[in-house]
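In what follows, a single structure is set out as structure tokens and then discussed.
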Amino acid sequence: MLPTNRHLQTLYWLSLVLILISRYSFAGPPIIQIEIKDHLFYPAIVEVPANTKVKLLIKNLDDTAEEFESYELNREKVIAGNTKGVVFIGPLPVGEYPFFGEFFPKTAQGKVIVKE
Ligand SMILES: [Cu+2]
């Protein structure tokens, strides 16, 4: 039930606002999920905001290991079969940053598109 007293009501809304602010400021970098299935990335194209640190959470649904690799992003991460891997990217300028699965480069291809 809402407090009826005016001062209490102000306090109530103020605390709500504070809770919301603290949630957003301590949320950490945005998380983007990518799945590896049958040696392909889903989604293969990932859009991220410019000048922002982003956490890529890569779930390998295959039984075989895969390596997330990107020369443009300067990242390399082996993800064992049926496990998850985390790769932080950014903050990056606007552009396109290809990545691939090094163990199956012919099939596992993707791209990070950084947009303003
Ligand atoms: Cu490699």
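1456 is the number of the first residue of the sequence shown in this note's numbering; add one for each residue after it. Backbone N, C-alpha and C define an ideal beta-carbon position, used for all residues, glycine too. If you're wondering where the values come from, they're calculated on a predicted model, not measured in any experiment.
Sub-7 Å separation of residue i and residue j beta-carbons
i: residue 1513; j: residue 1474; result: no
i: residue 1558; j: residue 1522; result: yes
i: residue 1515; j: residue 1491; result: yes
i: residue 1562; j: residue 1495; result: yes
Pick from the options that is closest to residue i, judged by C-alpha positions
i: residue 1503; options: 1470, 1565, 1471, 1549; result: 1549
Beta-carbon contacts of residue i that lie in its chain and below 6 Å, excluding the five residues immediately before and after
i: residue 1540; result: 1513, 1532, 1534
i: residue 1484; result: 1508, 1509, 1510
i: residue 1530; result: 1542
i: residue 1497; result: 1490
i: residue 1556; result: 1521, 1563
Terminal residues of the beta strand (DSSP E) in which residue i lies
i: residue 1515; result: 1509-1515
i: residue 1552; result: 1550-1556
i: residue 1495; result: 1495-1497
Neighbourhood of residue i by C-beta distance below 7 Å, restricted to the same chain and skipping five residues each side
i: residue 1525; result: 1552, 1553, 1554
Residues near residue i by beta carbon distance below 8 Å, same chain, minus five either side
i: residue 1565; result: 1489, 1496, 1498, 1499, 1500, 1501, 1553, 1554, 1555
Closer than 6 Å from C-beta to any heavy atom of ligand 1: which residues, in chain order? 1522, 1524, 1531, 1557
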